[in-house]
Amino acid sequence: MRIIDDYFDTEISVSGVKLRMLDLLFGAVMLGLGIAVRLALFDFESGDYSFFLSTWMQECHDAGGFSYLSITPGISDDSTINYGCMYQYIIVLLHYIGGNDLHLLKTVSVFFDMICAVTILRIAYLVTDGDVKKSLMAFGVVMFLPTCVLNSGAWAQCDSVYTAFALLSVYHLMKENNARFFIYLAISYSFKQQAVFIVPFAIIMWLKGKIKIRYIFIFPVIILLTLVPALIAGRDFFELISIYLKQVTTYSRLTMNYPNIYSFVSEGLSKESRLMLISCGTVCCILLLGMVAYYMRDKAFDGSFLSMVTLAVFTVLLCLYALPVMHERYGYIAELLLAVYGITSYKRMGICAVVQAVSVITYSRFLFGSTVKELWPLAFINLAIILAIGYDLYMQIRRAEEKND
Numbered sequence: 108m109r110i111i112d113d114y115f116d117t118e119i120s121v122s123g124v125k126l127r128m129l130d131l132l133f134g135a136v137m138l139g140l141g142i143a144v145r146l147a148l149f150d151f152e153s154g155d156y157s158f159f160l161s162t163w164m165q166e167c168h169d170a171g172g173f174s175y176l177s178i179t180p181g182i183s184d185d186s187t188i189n190y191g192c193m194y195q196y197i198i199v200l201l202h203y204i205g206g207n208d209l210h211l212l213k214t215v216s217v218f219f220d221m222i223c224a225v226t227i228l229r230i231a232y233l234v235t236d237g238d239v240k241k242s243l244m245a246f247g248v249v250m251f252l253p254t255c256v257l258n259s260g261a262w263a264q265c266d267s268v269y270t271a272f273a274l275l276s277v278y279h280l281m282k283e284n285n286a287r288f289f290i291y292l293a294i295s296y297s298f299k300q301q302a303v304f305i306v307p308f309a310i311i312m313w314l315k316g317k318i319k320i321r322y323i324f325i326f327p328v329i330i331l332l333t334l335v336p337a338l339i340a341g342r343d344f345f346e347l348i349s350i351y352l353k354q355v356t357t358y359s360r361l362t363m364n365y366p367n368i369y370s371f372v373s374e375g376l377s378k379e380s381r382l383m384l385i386s387c388g389t390v391c392c393i394l395l396l397g398m399v400a401y402y403m404r405d406k407a408f409d410g411s412f413l414s415m416v417t418l419a420v421f422t423v424l425l426c427l428y429a430l431p432v433m434h435e436r437y438g439y440i441a442e443l444l445l446a447v448y449g450i451t452s453y454k455r456m457g458i459c460a461v462v463q464a465v466s467v468i469t470y471s472r473f474l475f476g477s478t479v480k481e482l483w484p485l486a487f488i489n490l491a492i493i494l495a496i497g498y499d500l501y502m503q504i505r506r507a508e509e510k511n512d
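Quick note, the working numbering runs 107 ahead of the 1-based positions in the sequence shown.
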């Protein structure tokens with residue numbers, strides 16, 4: 108028995124986290140069960156898969172694989188994909204692997220779920236000063252987070268892909284690895300433009316001296332490198348870099364099932380009125396975030412990892428609440444960071460739980476049909492969440508100022 112005890116107490120380092128074999132066993136069990144939960148949903152076909160993802164896969168099959176990259180979406184009926192070319196590379200790769208398209212797409216998302224969970228473990232390890240138990244709890248939370256499970260296991264969406272790289276960028280920002288921060292942020296952005304939700308947090312960190320601006324040149328270099336396979340296939344450079352501009356003008360609804368301030372506006376407005384509000388709301392959001400950055404610039408900031416995570420969650424949620432045309436899935440980055448935020452105290456855990464409850468309702472409205480028909484009550488709850496996290500951030504600043512005095 109002594110030999111067994113010694114074996115389980117053996118300590119090894121995994122991704123900079125010191126774990127005992129017993130900790131690894133617990134993590135492996137959480138990982139296995141989390142995958143099992145997702146596998147139970149693998150045959151479910153969401154509306155997005157039926158109307159978009161399955162179509163893109165079939166277009167790739169019809170084109171013969173790599174040739175799919177050469178077809179300009181919108182110009183030819185042979186390609187209707189409106190995602191960045193990085194996700195198109197995944198589709199081409201899956202074509203050559205072969206098998207059930209639905210299961211292949213979900214497998215990719217589940218794989219990146221695991222990367223997200225490991226990265227959250229690493230961030231939690233920093234925030235909790237090396238508390239392995241709390242870090243593993245954060246890992247387990249991500250593996251069983253309802254929206255995380257539904258997003259990959261049921262929806263077949265790819266939010267875990269760009270979020271995995273966005274979380275890695277946050278981790279390396281916290282470690283002040285500037286080059287890696289910009290590399291991972293660029294990769295995240297190349298998959299989905301929702302990676303920009305991290306930018307307000309990054310700007311404030313730059314104002315606080317945590318980021319050296321000279322490394323920013325890395326961002327466009329990585330973006331250009333991601334375009335190389337598509338350029339080799341024959342795509343036009345300017346068409347590739349304008350994909351996200353086309354996405355911005357695709358939708359004219361004020362909110363795409365995300366409960367924010369636009370949930371209080373009547374859906375009966377004309378398209379022209381909605382487009383004016385979208386432009387106005389975008390400018391107002393930039394102004395609001397600018398005010399937050401200006402306030403934070405000269406405020407005491409203890410530079411703790413908890414303060415960084417709190418600020419990241421606050422700015423991301425503020426973006427989602429103030430920006431128009433937000434989908435319910437866009438809260439993915441904040442929801443995973445809340446797993447770290449929540450393990451630091453019981454009150455913060457409650458905030459994490461409420462955010463999940465709201466997100467599950469909005470997910471269910473699309474996936475399964477929810478009994479909740481109106482978004483505006485949920486918008487009030489989201490506003491209360493932002494105010495609560497903002498107050499927590501304010502109190503952390505106050506304590507830092509008192510400590511400096």
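Here a beta-carbon is modelled for each residue, glycine too, at the ideal position from N, C-alpha and C.
With distances taken between CB atoms, is the gap from Asp130 to Leu228 smaller than 8 Å? Not in contact: Asp130 and Leu228 (Cβ atoms no closer than 8 Å).
Excluding five sequence neighbours on each side, which residues of the same chain lie with their C-beta closer than 6 Å to the C-beta of Leu334? Around Leu334: Leu347.
Write down every uninterrupted run of the alpha helix (DSSP H) in the segment 402-440 whose length is 4 residues or greater and which is fully enclosed by it, in chain order. Counting whole runs of 4 or more residues, the segment 402-440 contains the alpha helix (DSSP H) stretches 412-429.
Quick one: any contact between the segment 197-205 and the segment 171-184, if contact means 3 or more CB pairs under 8 Å? Yes, they touch.
Can Arg436 and Asn258 be called in contact, C-beta distance under 8 Å? Result yes, Cβ atoms of Arg436 and Asn258 sit closer than 8 Å.
Can you give the Cα-Cα distance for Ser477 and Ser157, rounded to whole angstroms? Note on geometry: alpha-carbon atoms of Ser477 and Ser157 lie some 20 Å from one another.
C-alpha gap between Lys378 and Ile368, whole angstroms: Within the model, the alpha-carbon separation for Lys378 versus Ile368 is close to 18 Å.
Inside the segment 295-328 only - alpha helix (DSSP H) runs reaching at least 4 residues: Within the segment 295-328, the complete alpha helix (DSSP H) runs of at least 4 residues are 306-314.
In whole angstroms, what separates the C-alpha of Met363 from that of Leu332? Between Met363 and Leu332, the C-alpha separation is close to 32 Å.
Please state if the CB of Ser276 and the CB of Tyr558 are separated by a distance shorter than 8 Å. Because the chain is modelled from 108 through 512, residue 558 falls outside the range shown and cannot be assessed.
Nonlocal neighbours in the same chain, by C-beta distance under 7 Å from Met312, ignoring five residues either side: Here the set comprises Leu280, Ile318.
My output table needs one value for Asn364: the three-state DSSP class, helix, strand or coil. Three-state result, Asn364: strand.
Is the segment 338-345 touching the segment 457-471 in the sense that three or more CB pairs, one from each, lie closer than 8 Å? With a cut-off of 8 Å, the segment 338-345 and the segment 457-471 do not count as touching, because too few Cβ pairs lie within range.
In three-state terms, what does DSSP make of Lys378? Correct three-state label for Lys378: helix.
Could you give the DSSP three-state label for Lys125: helix, strand or coil? In this structure, DSSP gives Lys125 an extended state, which the three-state scheme calls strand.
Is it buried or exposed for Pro484, if we count other Cβ within 10 angstroms and need 16 for buried? With fewer than 16 other CB atoms across the displayed protein chains lying within 10 angstroms of its CB, Pro484 is exposed.
Delimiting residues of the alpha helix (DSSP H) encompassing Asp266: For Asp266, the enclosing alpha helix (DSSP H) covers residues 266-281.
Do Phe246 and Met137 have their beta-carbon atoms positioned less than 8 Å apart in this structure? It is a contact, given that the beta carbons lie within the stated cut-off.
Mind reading off the beta-carbon distance from Tyr448 to Val420? Whole number of angstroms is fine, and I expect it under 8 Å. Confirmed, Cβ separation roughly 6 Å.
Quick check on the burial criterion: 16 or more other C-beta atoms within 10 angstroms. Buried or exposed for Val355? With a 10 Å radius around the Cβ and a threshold of 16 neighbouring Cβ atoms, Val355 comes out exposed.
Is it true that the CB of Ile325 sits closer than 8 Å to the CB of Ala293? Yes, they are a contact pair.
For the segment 296-314 and the segment 421-431, state whether three or more C-beta atom pairs, one from each stretch, are separated by less than 8 Å. With the cut-off at 8 Å, the segment 296-314 and the segment 421-431 touch.
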